[in-house]
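Chains as they are written, first to last, in our numbering: chain A, 430 to 911; chain B, 6 to 365.
Positions of the beta carbon are idealized from the N, C-alpha and C atoms, including for glycine.
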């Protein structure tokens, strides 16, 4: 590269980063290499690193003897040094915390990223009493480190991608090459490569893009902030997508059973956890169907309620001016508003909102005769059972179907409940996650995966991997009896 | 496809939705019905559960009655509804009480009327008012039995475990027995004694018409023969002393059966008993003592069974389904009265209770 080209590249960079106040260019005059330009973005690079490892070294070049034998790369110490062949790539490296050393001969990039990461903290969303207490951060390298501390195998592969025209976000597709069905990996990679968007800010963006073709309220890609969950998913043969700047890692494919049976169940005794799993499964249907069933029973199928209970219901409804369905819809909507306000408000205000809500909805509404006490019990039970699920998207999907059940029950009674249930089953069995059926392992039935999700066998007896996920190495360990 | 779905949704929404939507407070929950017949008119009364919030009116009674008369049942039922500003809801009916006259003459009309009402659940009890009107029974509320219909239903339910004189069949089975030409039906009865409602003996029917009431002992024996008994008491005189007695009760579920062979009906009954009250001065360490008591029990049981059968024949009421059993075996109908009857009672004492020395 001649002097002319060096000046031209510099000029181009100065034009590109015009009005970027953190764009720094240092000119160092040396005898051996003529003028050297050190270029970096102050906001994303560590100034100590630039100073100690690049500027000090370059300014002391003139004092070195026989320096002509060496090139710049061997003078400047750095664990990650790249030779940039195309000037177009300079922007990428600059924005990724590299310091560019521009000589008349070559363009070199030295990684001098600023340490702008938070430390590894405890999981905030997916809390667990037992099990590890570290969570992913916004740094992809730290996240990969957390994962590799758990999986010490060269078979864990990662395909790197850069996504987003403006954000140039680093994305890694992680999988075991000796377990995972490579068709899933290829399909995901192909999909990701075909995505041409302005920016990827979070893993949620990729999850949305990958699942948008599925017209469903259910989440088809799960996100986890727990490295142990991701490690378990990878060992099962699933594919994980790690995105820089996101503390959540995506798991594909994710099934309905995965969302209501978190991996942290593995840390409890299987006998105890199976009871909870049954309870959770029932809770799912209760929280989705209870208001609808109540409406159908008190408005259409009163003969199914025991007489003494029916008299109690009628007594409590006495004086309430609204039809039961209006009562139910109003209460469900008010509770949704309360939940949303509780989520959005700072946590210090959260408790105040809850107290206000409980007072207004519970005591005052009943005293004022706006709603009946039994309706408060029904709605409260509905919302309490929905809290069993930590996945927000599952709660949102339940809300959608709750309204379907409610409206059909209001129109057709128990027949409406049956219609809504058929709709739910048709819907859930027709969607897929990464090309695999979403209602797996129930439809298609697979006892191997049921033993890991809907029921839990002893860890030592969990010897096989699911056929649908792992095409190779399906036997993963020896059983107790072996 | 989209047009089809849209059309289906529109049809579903506009044509059949909400047609039977009812609010809880618009319904009058009828728990009991009494039907009397007087002066060529049906007199119907509804016992309606009070659904006023107890917090608003703690002194309110649990039920209230409405009455209506009419030459036909439908008119009487309609007139009964005129007194209430709500829709009568019969799906929670617990008891239907009929007067003796209605039971003797008008059951067919009642069965027909109720079968045509698709809101009636057929699992309530039917009871015949003995020696009083049906309305008097339904109106006989007191602090112990604030809801008469429920009290009657509970009396019938619990009788199976106590005195065994109730008919353990609900209205649906009652009607099935009537409709079947090869058997007759029966029902419980209710009477008032010292102002308190009490369970009476079983009323037997021939077709749609009530014939008579059995005695209490006959009712209990009939239940034993019919296989409906859970526990039954036998009071027999001591083998060595006619003036002293011993009481035994069935220990396990009694086994009964009816077999027909060569126009002879064998009515078998096998009971396991335990001694519950002893006034016999006998040596209970001897096997002969038990054999003597067992023989006494068997004789009494045979005699009681014969008495029930005689009543059944006298009133032409095939309550033991002899005609049906005969038809199942020989595929032809028979007049059950013309068959020969044999009774085979077997009693075993398998719990003798406290044994003590007896001074001779």
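Discussion item. Please classify residue 872 of chain A as buried or exposed, where buried requires at least 16 other C-beta atoms within 10 Å of its C-beta.
Written reply: On the first chain, position 443 is the one that residue 872 of chain A refers to. Taking all protein chains in view, the Cβ of residue 872 of chain A is surrounded by fewer than 16 other Cβ atoms within 10 Å, so the residue is classified as exposed.
Practice prompt. Can you check DSSP and say which residues form a bridge with residue 75 of chain B?
Written response: Here residue 75 of chain B refers to the residue found at position 70 when the second chain is read from its first residue. Looking at the DSSP output, residue 75 of chain B shares a beta bridge with B:47.
Worksheet item: What separation, rounded to the nearest whole angstrom, lies between the Cα atoms of residue 899 of chain A and residue 627 of chain A?
Response: Numbered from its first residue, the first chain carries residue 899 of chain A at position 470. Numbered from its first residue, the first chain carries residue 627 of chain A at position 198. When rounded, the distance between both Cα atoms is 34 Å.
Practice prompt. Quick one: which residues of the stretch 144 to 158 of chain B get their C-beta closer than 7 Å to a C-beta of chain A? List them in chain order.
Written response: So nothing in the stretch comes that close.
Worksheet item: Using Cβ-Cβ distances below 9 Å, what residues of the stretch 124 to 142 of chain B are close to chain A?
Response: Per Cβ criterion, the list reads 124 and 126.
Practice prompt. With distances taken Cα to Cα, identify the nearest neighbour of residue 622 of chain A among A:468, A:639 and A:906.
Written response: In the first chain, counting from the first residue as 1, residue 622 of chain A sits at position 193. Comparing Cα-Cα distances from residue 622 of chain A to each of A:468, A:639 and A:906, the minimum goes to A:639.
Worksheet item: What first and last residue would you give for the alpha helix (DSSP H) that runs through residue 155 of chain B?
Response: Position 150 of the second chain, counted from the start, is the residue given in the question as residue 155 of chain B. In the DSSP assignment, residue 155 of chain B falls within the alpha helix (DSSP H) that extends over 153 to 164.
Practice prompt. Determine, using beta carbons only, whether residue 721 of chain A and residue 834 of chain A come nearer to each other than 8 Å.
Written response: Here residue 721 of chain A refers to the residue found at position 292 when the first chain is read from its first residue. Here residue 834 of chain A refers to the residue found at position 405 when the first chain is read from its first residue. Contact: yes.
Item to complete: List the whole-angstrom C-beta distance separating residue 28 of chain B from residue 728 of chain A, where the pair is believed to meet the contact cut-off of C-beta under 8 Å.
Response: The residue given as residue 28 of chain B occupies position 23 in the second chain. The residue given as residue 728 of chain A occupies position 299 in the first chain. At roughly 7 Å, the Cβ-Cβ gap stays under 8 Å, so residue 28 of chain B and residue 728 of chain A are in contact.
Worksheet item: Grouping DSSP H, G and I as helix and E and B as strand, with all else coil, what is residue 81 of chain B?
Response: Here residue 81 of chain B is taken as the residue at index 76 of the second chain, counted from 1. The answer is helix: DSSP assigns residue 81 of chain B an H, G or I state.
Item to complete: Check whether the stretch 177 to 190 of chain B touches the stretch 81 to 101 of chain B, taking contact to mean three or more Cβ pairs, one atom from each stretch, closer than 8 Å.
Response: no
Practice prompt. List the whole-angstrom C-beta distance separating residue 119 of chain B from residue 125 of chain B, where the pair is believed to meet the contact cut-off of C-beta under 8 Å.
Written response: By 1-based counting over the second chain, the position of residue 119 of chain B is 114. By 1-based counting over the second chain, the position of residue 125 of chain B is 120. The C-beta separation of residue 119 of chain B from residue 125 of chain B comes to about 5 Å, placing the pair in contact by the 8 Å criterion.
Worksheet item: Considering only the beta carbon of each residue, do residue 353 of chain B and residue 253 of chain B sit closer than 8 Å?
Response: Counting from 1 along the second chain, the entry for residue 353 of chain B is found at position 348. Counting from 1 along the second chain, the entry for residue 253 of chain B is found at position 248. No, they are not a contact pair.
Fill in: Any alpha helix (DSSP H) of 4 or more consecutive residues that is wholly inside the stretch 435 to 502 of chain A
485 to 488
Item to complete: Taking 8 Å as the threshold, find out whether the stretch 130 to 149 of chain B comes into contact with the stretch 99 to 107 of chain B through three or more Cβ pairs.
Response: yes
Worksheet entry | Alpha-carbon to alpha-carbon, residue 546 of chain A and residue 630 of chain A | Within the first chain, the letter at position 201 stands for residue 630 of chain A. Within the first chain, the letter at position 117 stands for residue 546 of chain A. Cα to Cα, residue 630 of chain A sits roughly 16 Å from residue 546 of chain A.
Worksheet item: What separation, rounded to the nearest whole angstrom, lies between the Cα atoms of residue 682 of chain A and residue 864 of chain A?
Response: Mapped onto the first chain, residue 682 of chain A falls at position 253. Mapped onto the first chain, residue 864 of chain A falls at position 435. Between residue 682 of chain A and residue 864 of chain A, the C-alpha separation is close to 8 Å.
Worksheet item: When we look at the beta-carbon of residue 842 of chain A and count the other beta-carbons within 10 Å, is it buried (16 or more) or exposed?
Response: By one-based count along the first chain, residue 842 of chain A stands at place 413. Result: buried.
Worksheet item: Curious, which full-length alpha helix (DSSP H) runs of at least 4 residues does the stretch 844 to 896 of chain A contain?
Response: 876 to 879
Worksheet item: When the Cα atoms are used, what is the spatial distance from residue 473 of chain A to residue 540 of chain A?
Response: On the first chain, position 44 is the one that residue 473 of chain A refers to. On the first chain, position 111 is the one that residue 540 of chain A refers to. Those two C-alpha atoms are separated by around 11 Å.
Practice prompt. Name, in chain order, the residues that DSSP records as bridge partners for residue 277 of chain B.
Written response: If you number the second chain from 1, residue 277 of chain B lands on position 272. Answer is B:353.
Discussion item. Under 8 Å, Cβ to Cβ, is there at least one residue of chain A near residue 13 of chain B?
Written reply: Residue numbering aside, residue 13 of chain B sits at position 8 when the second chain is read from its first letter. It does not; no Cβ of chain A falls within 8 Å.
Practice prompt. Measuring only between beta-carbons, confirm whether residue 176 of chain B sits less than 8 Å from chain A.
Written response: For the purposes of this step, residue 176 of chain B is taken as the residue at position 171 of the second chain. Judged by the 8 Å Cβ criterion, residue 176 of chain B is not in contact with chain A.
Discussion item. Residues of chain B with CB closer than 7 Å to the CB of residue 742 of chain A, please, in chain order.
Written reply: In the first chain, the residue the question calls residue 742 of chain A occupies position 313. Residues of chain B passing the Cβ test: 29.
Worksheet entry | Three or more C-beta pairs below 8 Å linking the stretch 520 to 532 of chain A and the stretch 546 to 559 of chain A | no
Discussion item. I want to see whether chain B comes within less than 8 Å of residue 652 of chain A, judged by CB atoms only; does it?
Written reply: Within the first chain, the letter at position 223 stands for residue 652 of chain A. Judged by the 8 Å Cβ criterion, residue 652 of chain A is not in contact with chain B.
Discussion item. Please classify residue 167 of chain B as buried or exposed, where buried requires at least 16 neighbouring CB atoms within 10 angstroms.
Written reply: Within the second chain, the letter at position 162 stands for residue 167 of chain B. Its Cβ having fewer than 16 others within 10 Å, residue 167 of chain B is exposed.
Practice prompt. For residue 288 of chain B, name the three-state secondary structure that DSSP assigns.
Written response: Reading the second chain from its first residue, position 283 is the one you call residue 288 of chain B. When secondary structure is reduced to three states using DSSP, residue 288 of chain B falls in the coil class, being assigned neither helix nor strand.
Item to complete: Would you decide whether residue 283 of chain B is buried or exposed? Buried here means 16 or more other CB atoms lie within 10 Å of its CB.
Response: Counting from one through the second chain, the residue named residue 283 of chain B turns up at place 278. The residue is buried, with at least 16 neighbouring Cβ atoms inside 10 Å.
Discussion item. If you measure between the beta carbons of residue 152 of chain B and residue 226 of chain B, is that distance less than 8 Å?
Written reply: Mapped onto the second chain, residue 152 of chain B falls at position 147. Mapped onto the second chain, residue 226 of chain B falls at position 221. The answer is no: Cβ separation not under 8 Å.
Worksheet item: Since residue 610 of chain A and residue 601 of chain A are thought to touch, with beta carbons under 8 Å apart, how far apart are those beta carbons, to the nearest angstrom?
Response: Along the first chain, one-based indexing puts residue 610 of chain A at 181. Along the first chain, one-based indexing puts residue 601 of chain A at 172. With a Cβ gap of about 19 Å, residue 610 of chain A and residue 601 of chain A do not count as contacting.
Item to complete: Starting from residue 218 of chain B, follow the beta strand (DSSP E) in both directions and report where the run begins and ends.
Response: Locating residue 218 of chain B in the second chain gives position 213, where the first residue counts as 1. 214 to 218 is the span of the beta strand (DSSP E), which, as asked, contains residue 218 of chain B.
Worksheet item: Quick one: is residue 645 of chain A near chain B, going by C-beta distance under 8 Å?
Response: In the first chain, counting from the first residue as 1, residue 645 of chain A sits at position 216. Cβ-Cβ to chain B under 8 Å: no for residue 645 of chain A.
Practice prompt. Verify whether the separation of the beta carbon atoms of residue 196 of chain B and residue 135 of chain B is less than 8 Å.
Written response: Taking the first residue of the second chain as 1, we reach residue 196 of chain B at position 191. Taking the first residue of the second chain as 1, we reach residue 135 of chain B at position 130. Yes, Cβ-Cβ distance for residue 196 of chain B and residue 135 of chain B is below 8 Å.
Discussion item. Taking 8 Å as the cut-off, does the stretch 236 to 255 of chain B touch the stretch 275 to 294 of chain B (at least 3 CB pairs, one atom from each stretch)?
Written reply: Output reads yes: the stretch 236 to 255 of chain B touches the stretch 275 to 294 of chain B.
Item to complete: Indicate whether at least one CB of chain A lies closer than 8 Å to the CB of residue 54 of chain B.
Response: Along the second chain, one-based indexing puts residue 54 of chain B at 49. Interface residue, yes.
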